[in-house]
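Comments concern the structure below.
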Amino acid sequence: MTLPYYDAAAVAAASPWPKLLESLAIAFAAPHVAPDRHIHRIAVPGAEDATALLMPAWIEGEHYGVKLANIFPSNGRLGLPAVTSVYALFSARTGLLEALMDGAAITVRRTAASSVLAAKRLARPDSATLLMIGAG
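Residue numbering for the sequence shown follows the working numbering, beginning at 1 and increasing consecutively.
Dropping the structure here:
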């Protein structure tokens, strides 16, 4: 079985902004389960400790996903990114893996889309511009 992998370009192509905003608004309102993330310290000999984050969520009987993120603060000295991640999507009926996706691309797009949705609900009706500044 060849499993689909969606790199950053494929994630962006599959989630154009208008459709992403519409889908995310529906998803936020739909019944789902999103337990607390698991946070684990990983000792890295000769470097700062790393952190592993496991972030599961699912819609019963549909899909189950987990974002696996690694934070390795000392990676900058090696010319590597400090944060890497992947998203694994499974069937919530069989547990079979359905796809893997670039976790960073999903995070960037979801964070921006969530901010737009929040602004749409909280901003004055006559607002015309949204400025987003991120450092995370």
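Ideal Cβ placement from N, Cα and C applies to all residues, glycine included. All values derive from a computational prediction rather than experimental measurement.
Taking the alpha-carbon of Ala104 as reference, which of Ala57, Pro16 and Lys67 has the nearest alpha-carbon?
Lys67
Contiguous alpha helix (DSSP H) assignments of at least 4 residues, all confined to the region 14 to 70: 17 to 29
Assuming Ala92 and Glu62 make a contact with CB atoms under 8 Å, what is their CB distance in whole Å?
-> 5 Å
Checklist entry - Taking DSSP as the reference, what is the three-state secondary structure of Ala119? => result Note: Ala119 maps to helix in three-state DSSP.
Could you give the distance in angstroms between the alpha-carbon of Ala99 and the alpha-carbon of Val11? 12 Å
* Would DSSP call Ser127 helix, strand or coil? -> coil
Exercise. Can the beta-carbon of Leu130 be found less than 9 Å from the beta-carbon of Ser115?
Worked result: Cβ atoms of Leu130 and Ser115: closer than 9 Å.
Practice prompt. State the beta-bridge partners of Ala99 as determined by DSSP.
Written response: Leu89
- Message: Quick check on this structure: which residue in Ala112, Ile106, Trp58 and Pro73 has the alpha carbon closest to the alpha carbon of Phe90?
- Response: Trp58
Inter-stretch contact (C-beta, 8 Å, three-pair minimum) for the region 37 to 53 and the region 72 to 85
Taking a contact to require three or more Cβ pairs closer than 8 Å, the region 37 to 53 and the region 72 to 85 qualify as touching.
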